[in-house]
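Protein chains: 2
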Amino acid sequence: MSIHRVAQGAGVSVATVSRVFNDPERVAASTRIRVLEAARTLSYLPNQSARTLRTQRSRIMGAILPSRDDPVYVECMNGIAAAVLEAGYVLAPIACDSLPDREADAARWIVASGAEGCVLLVTDVEASAALPLLGRSGVPYALMHHQDDRHPCVSIDSRRALADLVARLESLGHREIVRLVPQPAFSRVQEARPGDGTGDDSAARASRVRHIDMAPGADPVRQIGLLLSSPTRPTALLCTSDLLAIDCLRAAALQGLQVPRDLTVVGFDGIALGARMFPMLAAVVQPHAAIGRHAVELVLRAIAGGRAPTAADSLLLPHGMREGESCGPPPFTAHGHPQPGHPAEAALA
Amino acid sequence: MSIHRVAQGAGVSVATVSRVFNDPERVAASTRIRVLEAARTLSYLPNQSARTLRTQRSRIMGAILPSRDDPVYVECMNGIAAAVLEAGYVLAPIACDSLPDREADAARWIVASGAEGCVLLVTDVEASAALPLLGRSGVPYALMHHQDDRHPCVSIDSRRALADLVARLESLGHREIVRLVPQPAFSRVQEARPGDGTGDDSAARASRVRHIDMAPGADPVRQIGLLLSSPTRPTALLCTSDLLAIDCLRAAALQGLQVPRDLTVVGFDGIALGARMFPMLAAVVQPHAAIGRHAVELVLRAIAGGRAPTAADSLLLPHGMREGESCGPPPFTAHGHPQPGHPAEAALA
DNA sequence: CTGTTAGCGCTTTCAA
DNA sequence: TTGAAAGCGCTAACAG
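Shown next, in the form of structure tokens:
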């Protein structure tokens, strides 16, 4: 069904029909009604491709994310989708399974589709081929969950969030904190690692934490179980993601450890599901949806202003903390000896 | 960057450039290389809108789903996305938050975008405005997770799955089984309910189960807690969704009940996350991804054959069963079937 | 093997 | 307030 048939049906020119849909004020009420009527009976819908081709405005917003499975990205996508919808755009989301090649493909498709902008979360900002691709094509973009001097970013202050979390664990008495890092690690996770050269206070605090890289491909629950059955098992597990924290909860239970009595587990995302489990997962709560929303709005603002966003437009959003039920004092005394009669004592014997 | 500039750069006509991208064999190797080179240096990408407008083939597959938050739909979407990608199409997914109006809007957009097909999961097949909309526009579609005589559907035999699950619970000795049904219930959940008039064996078996509608809007964990604190609490909770089963697990823990010693909880989706929790969630395992994939392939086959899919093309996929750790024998000897007017029902009112 | 050209459906001057 | 017509970038006859 094309605009011609509608024009014919209403006894007007195609230009008038077009105006009815794009600038209704500029056409007489009587003709407008006639056109609308014709359009309705023919169930006419303007052809998007033709419209895009003609106006050079696709009203498409691209979104490149590592995966569709992690609730973190789902929550982020919710914010993105809402902002995109409100702006009258349509969303073209692409999940890349954390594969850099797919990220580049996605960026290429984004450009070819004529998307007016793009928000994205890449596995590795440095190595990303998608970023320069978008940059070269002049597609305005914003990164989510990253902090980088060379790109417009929206995220929390992850270094500070980590410091907050460590401070909380330490104030509870934990001295043997292990931070579990899945491999390959996203650049957003690598940040705030000891020896990153920034030398600021929070990094110093974080360096008191032992970092353990998880073997890629292996079953996380088994790996964590191994760690927990070690005689020198940590008193607190600080996970880079909530999904990993959930694995920790299961691993602990399989070892017969009770959380938080025998072990503290904290996450770093604050996904909604964590609050529906038992024990409720203690975690940094990142404003995932807000991050997505702000990233979209940043890009939209740039489109409206006719210029690409820059690193100077970057936004840092506040994070929260979920107390949860998976976090408590360590089972050991301050002096590092097992409390008498504590199950951990038997385990260490 | 248009095809003209590339043609100019390579010293050929636009037709040749077009051929290089659409039917490379038909152009001499030497010219092809020259064109490709020019395209690369100019970082040319064919304009999708122009291509679609000209060929009348958008290579877009629409997907309408109730939400983005439920892992069930995420898994489904994974299957859809994979099939769509393999076919060289691009996916346009729309989440409707289970709002019929948004479903209709989505269908309208699908049509306007020129999508060649659509897979969808609607809240209510009967009342859906999206279905007739697609039908009228001639966009081939397939329903997922539904069984309906009037539409092409891909799903499991949910009646049989429910019967299998009930049989398993009964063989373990459970006689007080409650099936928790969130409100408003999807048509896919309403199926297999007593009094649905089919009168077959599985329905008869399922009718031994007491159905309890959950209060819409209220906190599920609280509601379930109330049910569990009743003196005549059921011995097994049969949930229509895994997410609800997870709520049951938490509610049970808050009541001091140990699963499965004091209470059996089973889900009806088999989401991956359920296997990562403790206790591992026992559940019917639906092949969500396969359902999505088959729905797409069904539509693709129809597109290739130049005809819309019909109810006769419907597919029934086999379901599985996850033993899990949340399922065991009841805590006390069976004392007969639940009586009408069970107090547990009042607890939820 | 390659070039010329019409036209997909729409918006938008420019004229009336 | 309305219409005529050009052209967005591309593909597919058709001609050579």
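Those sequence lines, one after another, are chains Y and D.
Here the numbering used here is used: the first sequence runs in plain steps of one and ends on residue 1193.
Here the numbering used here is used: the second sequence runs in plain steps of one and ends on residue 1193.
All residues carry an ideal CB built from backbone N, CA and C; glycine is no exception.
DSSP three-state call for residue i: helix, strand or coil?
i, result
"Gln1099(Y)", "coil"
"Tyr917(Y)", "helix"
"Val983(D)", "coil"
"Asp993(Y)", "coil"
"Asp1113(Y)", "coil"
"Ser1198(D)", "Past the boundaries of the shown model lies residue 1198(D); chain D is included only from 845 to 1193, so the question cannot be answered."
"Arg1052(Y)", "coil"
"Thr860(Y)", "helix"
"Thr1108(Y)", "strand"
"Pro1157(D)", "One point to set straight first is that residue 1157(D) is Asp, not Pro, in the sequence displayed. The answer is helix: DSSP assigns Asp1157(D) an H, G or I state."
"Gly1039(D)", "Reliability fails at Gly1039(D), whose pLDDT of 45 lies under 50, so the model's placement of it is uncertain and no value is given."
"Pro868(Y)", "helix"
"Glu947(Y)", "helix"
"Leu1016(D)", "coil"
"Pro1175(D)", "coil"
"Asp1091(Y)", "helix"
"Val955(Y)", "helix"
"Pro1078(Y)", "coil"
"Ala1119(Y)", "helix"
"Ala973(D)", "coil"
I'd like the span of the beta strand (DSSP E) that includes residue i, first residue to last.
i, result
"Ala1127(Y)", "1126-1129"
Do you know how far the Cα of residue j is from the Cα of residue i?
i, j, result
"Leu1013(Y)", "Leu1098(Y)", "23 angstroms"
"Val966(Y)", "Ser972(Y)", "7 angstroms"
"Pro868(D)", "Ala882(D)", "15 angstroms"
"Gly932(Y)", "Asn891(D)", "22 angstroms"
"Ala1126(Y)", "Cys1171(Y)", "6 angstroms"
"Arg903(D)", "Ala1148(D)", "12 angstroms"
"Thr1076(Y)", "Ala1007(Y)", "24 angstroms"
"Gln991(D)", "Ala1119(D)", "27 angstroms"
"Ser1015(D)", "Cys1083(D)", "18 angstroms"
"Asp1057(D)", "Val998(D)", "26 angstroms"
"Ala1130(Y)", "His1163(Y)", "The question names Ala, but residue 1130(Y) in the sequence shown is Gln. Their Cα atoms are separated by approximately 5 angstroms."
"Val864(Y)", "Val856(Y)", "11 angstroms"
"Arg980(Y)", "Ser846(D)", "15 angstroms"
"Ala948(Y)", "Ala926(Y)", "25 angstroms"
"Ala936(D)", "His989(Y)", "24 angstroms"
"Ala873(Y)", "Asp1086(D)", "54 angstroms"
"Ala859(Y)", "Thr885(Y)", "19 angstroms"
"Ser1158(D)", "Pro996(D)", "5 angstroms"
"Pro1174(D)", "Phe1030(D)", "30 angstroms"
"Arg1094(Y)", "Met1121(D)", "6 angstroms"
"Pro1026(Y)", "Pro1064(Y)", "9 angstroms"
"Leu1160(D)", "Cys962(D)", "19 angstroms"
"Ala854(Y)", "Val861(Y)", "9 angstroms"
"Gly1017(D)", "Glu1169(D)", "16 angstroms"
According to DSSP, what are the bridge partners of residue i?
i, result
"Arg1166(D)", "Ala1127(D)"
"Cys940(D)", "DSSP lists no partner for Cys940(D)."
"Gly906(D)", "Ala936(D), Cys962(D)"
"Cys1083(D)", "Leu1024(D)"
"Asp1057(D)", "Val1025(D)"
"Met988(D)", "Val998(D)"
Under DSSP, the alpha helix (DSSP H) around residue i begins and ends at which residues?
i, result
"His848(D)", "847-854"
"Val1143(Y)", "1132-1149"
"His1064(D)", "Position check: residue 1064(D) holds Pro in this sequence, whereas His was assumed. 1064-1073 is the span of the alpha helix (DSSP H), which, as asked, contains Pro1064(D)."
"Leu880(Y)", "873-885"
"Gln892(D)", "892-899"
**Item:** Any 3 or more C-beta pairs closer than 8 angstroms across the stretch 1063-1076 of chain Y and the stretch 1136-1152 of chain Y
**Value:** no
**Message:** I'd like to know if the stretch 1099-1116 of chain Y and the stretch 933-947 of chain Y are in contact, where contact means that at least 3 CB-CB pairs between them fall below 8 angstroms.
**Reply:** no
**Message:** Does the stretch 958-965 of chain Y come into contact with the stretch 888-904 of chain Y, if we say contact requires no fewer than three beta-carbon pairs (one atom in each stretch) closer than 8 angstroms?
**Reply:** yes
**Message:** Check whether the stretch 901-920 of chain D and the stretch 871-887 of chain D touch, using three or more Cβ-Cβ pairs below 8 angstroms as the test.
**Reply:** no
**Request:** Would you be able to state if there are at least three C-beta pairs under 8 angstroms between the stretch 850-861 of chain Y and the stretch 915-925 of chain D?
**Result:** no
**Asked** At a cut of 8 angstroms, does the stretch 1149-1162 of chain Y reach the stretch 1083-1103 of chain Y through at least three beta carbon pairs?
**Response** no
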